[in-house]
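Residue numbering for the sequence shown follows this note's numbering, beginning at 478 and increasing consecutively. A short write-up of the structure that comes next.
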Amino acid sequence: MDNIQKFLLELGNGFAFVGREYRIEIGSTENFIDMLFYHIRLHCYVVVEVKVAEFESSYAGQVGTYVVAVNHQLKTEKDEPTLGLLVCKSKDDIKAQYALESSSQPLGVSAYELSKLIPENFKGSLPSIDEIESELRKDAEE
478 MDNIQKFLLE
488 LGNGFAFVGR
498 EYRIEIGSTE
508 NFIDMLFYHI
518 RLHCYVVVEV
528 KVAEFESSYA
538 GQVGTYVVAV
548 NHQLKTEKDE
558 PTLGLLVCKS
568 KDDIKAQYAL
578 ESSSQPLGVS
588 AYELSKLIPE
598 NFKGSLPSID
608 EIESELRKDA
618 EE
(Lines of atoms letter the chains of each structure in order from A and count residues from 1; the text may use other names and numbers.)
(Lines give C-alpha, C1' and ligand atoms only; values in the text may rest on other atoms or scores of the structure.)
Protein backbone atom coordinates (compact mmCIF):
# COMPACT_ATOMS: atom_id res chain seq x y z
CA MET A 1 0.00 0.00 0.00
CA ASP A 2 2.86 2.37 0.78
CA ASN A 3 4.35 1.71 -2.65
CA ILE A 4 1.07 2.29 -4.48
CA GLN A 5 0.37 5.46 -2.53
CA LYS A 6 3.91 6.72 -3.17
CA PHE A 7 3.71 5.83 -6.86
CA LEU A 8 0.39 7.61 -7.46
CA LEU A 9 1.57 10.71 -5.63
CA GLU A 10 4.92 10.74 -7.46
CA LEU A 11 3.17 10.74 -10.83
CA GLY A 12 2.19 14.31 -10.15
CA ASN A 13 -0.75 14.08 -12.54
CA GLY A 14 -3.18 15.72 -10.16
CA PHE A 15 -3.62 13.09 -7.44
CA ALA A 16 -4.31 14.52 -4.00
CA PHE A 17 -4.21 12.06 -1.13
CA VAL A 18 -7.42 12.12 0.91
CA GLY A 19 -6.81 9.23 3.26
CA ARG A 20 -5.71 5.70 3.95
CA GLU A 21 -8.17 3.28 5.53
CA TYR A 22 -10.69 6.05 4.90
CA ARG A 23 -13.73 5.43 7.08
CA ILE A 24 -17.11 5.48 5.37
CA GLU A 25 -20.43 4.32 6.78
CA ILE A 26 -22.58 2.24 4.47
CA GLY A 27 -25.95 1.59 6.04
CA SER A 28 -25.28 0.57 9.61
CA THR A 29 -21.78 -0.75 8.90
CA GLU A 30 -18.41 0.90 9.20
CA ASN A 31 -16.18 0.33 6.15
CA PHE A 32 -12.63 1.34 5.32
CA ILE A 33 -11.44 2.26 1.83
CA ASP A 34 -7.78 1.24 1.44
CA MET A 35 -6.84 4.57 -0.16
CA LEU A 36 -8.91 7.51 -1.28
CA PHE A 37 -7.56 10.15 -3.64
CA TYR A 38 -9.03 13.19 -5.29
CA HIS A 39 -7.88 13.90 -8.82
CA ILE A 40 -7.64 17.66 -9.14
CA ARG A 41 -7.55 17.86 -12.95
CA LEU A 42 -10.36 15.34 -13.44
CA HIS A 43 -12.40 16.71 -10.52
CA CYS A 44 -13.26 13.28 -9.16
CA TYR A 45 -12.54 10.94 -6.30
CA VAL A 46 -10.51 7.80 -6.97
CA VAL A 47 -11.12 4.78 -4.72
CA VAL A 48 -8.14 2.39 -4.61
CA GLU A 49 -8.48 -1.08 -3.11
CA VAL A 50 -5.44 -3.35 -2.82
CA LYS A 51 -5.70 -7.12 -2.59
CA VAL A 52 -2.71 -9.35 -1.96
CA ALA A 53 -4.47 -12.30 -3.56
CA GLU A 54 -5.66 -13.22 -7.03
CA PHE A 55 -8.67 -11.29 -8.28
CA GLU A 56 -12.05 -12.53 -7.05
CA SER A 57 -15.36 -11.37 -8.49
CA SER A 58 -16.53 -10.22 -5.08
CA TYR A 59 -13.74 -7.62 -5.03
CA ALA A 60 -15.42 -5.76 -7.91
CA GLY A 61 -18.62 -5.62 -5.88
CA GLN A 62 -16.75 -4.25 -2.88
CA VAL A 63 -15.03 -1.52 -4.89
CA GLY A 64 -18.29 -0.73 -6.72
CA THR A 65 -20.04 -0.31 -3.38
CA TYR A 66 -17.31 2.06 -2.18
CA VAL A 67 -17.52 4.07 -5.42
CA VAL A 68 -21.29 4.48 -5.04
CA ALA A 69 -20.92 5.38 -1.34
CA VAL A 70 -18.35 8.07 -2.17
CA ASN A 71 -20.66 9.39 -4.89
CA HIS A 72 -23.52 9.65 -2.39
CA GLN A 73 -21.59 10.91 0.62
CA LEU A 74 -18.60 12.95 -0.59
CA LYS A 75 -19.11 13.93 -4.23
CA THR A 76 -20.69 17.31 -4.91
CA GLU A 77 -22.48 18.44 -8.06
CA LYS A 78 -19.20 20.04 -9.20
CA ASP A 79 -17.38 16.69 -9.08
CA GLU A 80 -17.30 14.07 -11.81
CA PRO A 81 -18.34 10.50 -10.90
CA THR A 82 -15.92 8.57 -8.71
CA LEU A 83 -13.52 6.08 -10.30
CA GLY A 84 -12.52 2.75 -8.74
CA LEU A 85 -9.18 1.02 -9.09
CA LEU A 86 -8.63 -2.52 -7.84
CA VAL A 87 -5.03 -3.67 -7.61
CA CYS A 88 -4.64 -7.44 -7.19
CA LYS A 89 -1.64 -9.72 -7.02
CA SER A 90 -2.86 -11.51 -10.15
CA LYS A 91 -6.03 -12.00 -12.17
CA ASP A 92 -7.79 -14.19 -14.66
CA ASP A 93 -8.63 -11.87 -17.56
CA ILE A 94 -11.96 -13.50 -18.37
CA LYS A 95 -13.09 -13.51 -14.75
CA ALA A 96 -12.13 -9.82 -14.43
CA GLN A 97 -13.89 -9.00 -17.69
CA TYR A 98 -17.14 -10.66 -16.58
CA ALA A 99 -17.03 -9.04 -13.14
CA LEU A 100 -16.40 -5.59 -14.59
CA GLU A 101 -19.03 -5.92 -17.30
CA SER A 102 -21.59 -6.68 -14.60
CA SER A 103 -20.93 -3.34 -12.91
CA SER A 104 -22.27 0.01 -13.99
CA GLN A 105 -19.49 1.78 -12.09
CA PRO A 106 -16.21 2.92 -13.71
CA LEU A 107 -13.87 0.28 -12.28
CA GLY A 108 -10.53 -1.05 -13.38
CA VAL A 109 -8.67 -4.23 -12.52
CA SER A 110 -5.11 -4.55 -13.70
CA ALA A 111 -4.59 -3.88 -17.42
CA TYR A 112 -7.88 -5.30 -18.56
CA GLU A 113 -10.63 -2.67 -18.33
CA LEU A 114 -9.31 0.57 -16.90
CA SER A 115 -8.40 2.11 -20.26
CA LYS A 116 -11.75 1.04 -21.75
CA LEU A 117 -13.91 2.39 -18.94
CA ILE A 118 -12.33 5.80 -18.52
CA PRO A 119 -13.82 8.48 -20.77
CA GLU A 120 -11.52 9.71 -23.57
CA ASN A 121 -11.01 13.12 -21.96
CA PHE A 122 -9.71 11.42 -18.79
CA LYS A 123 -7.12 9.25 -20.53
CA GLY A 124 -3.55 10.39 -20.00
CA SER A 125 -4.44 11.96 -16.66
CA LEU A 126 -4.48 8.65 -14.82
CA PRO A 127 -1.59 6.18 -14.71
CA SER A 128 -2.03 3.09 -16.81
CA ILE A 129 -2.27 -0.25 -15.07
CA ASP A 130 0.95 -1.21 -16.86
CA GLU A 131 2.70 1.72 -15.16
CA ILE A 132 1.30 0.71 -11.77
CA GLU A 133 2.23 -2.96 -12.23
CA SER A 134 5.72 -2.05 -13.45
CA GLU A 135 6.31 0.15 -10.42
CA LEU A 136 5.01 -2.55 -8.05
CA ARG A 137 7.29 -5.18 -9.62
CA LYS A 138 10.25 -2.80 -9.32
CA ASP A 139 9.47 -2.14 -5.65
CA ALA A 140 9.01 -5.87 -4.93
CA GLU A 141 12.45 -6.58 -6.39
CA GLU A 142 14.14 -4.01 -4.14
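Built from N, CA and C at the ideal position, the CB exists for glycine as well. As the structure is a computational prediction, the values presented were derived from the model and not from experiment.
Buried or exposed by the 16-neighbour rule on C-beta atoms within 10 Å, applied to residue i
i, result
"V525", "buried"
"K566", "exposed"
"Y589", "Residue confidence for Y589 is low, a pLDDT of 32 falling below 50, so the modelled location carries little weight and cannot support an answer."
"D511", "buried"
Close-in-space but distant-in-sequence residues of the same chain around residue i (CB under 6 angstroms, 5 per side omitted)
i, result
"L562", "V525, G585"
"R497", "M512"
Residue i and residue j closer than 7 angstroms at C-beta
i, j, result
"V564", "V527", "yes"
"E557", "H520", "yes"
"T559", "Y515", "no"
"S580", "A530", "no"
"S534", "A576", "yes"
"F532", "K555", "no"
Contacts around residue i, its chain only, beta-carbon distance under 7 angstroms, and the 5 residues preceding and following it disregarded
i, result
"Y499", "F509, I510, L513"
"I517", "G491, A493"
"L551", "Y522"
"Q539", "E526"
"K572", "F532, S534"
8 angstroms Cβ shell around residue i - same chain, five flanking residues per side excluded
i, result
"K593", "The predicted model places K593 with a pLDDT of 41, which falls under 50 and marks its position as unreliable; any figure quoted below should be read in that light. Here the set comprises nothing."
CB-CB length for residue i against residue j, believed under 8 angstroms
i, j, result
"Q582", "G541", "4 angstroms"
Margin query: Using 8 angstroms as the cut-off, can you tell me whether the region 543-550 makes contact with the region 487-507, which would need three or more C-beta pairs spanning the two stretches below that distance?
Written below: For the pair of segments examined, the region 543-550 was found to touch the region 487-507: the number of CB pairs separated by less than 8 angstroms reaches three.
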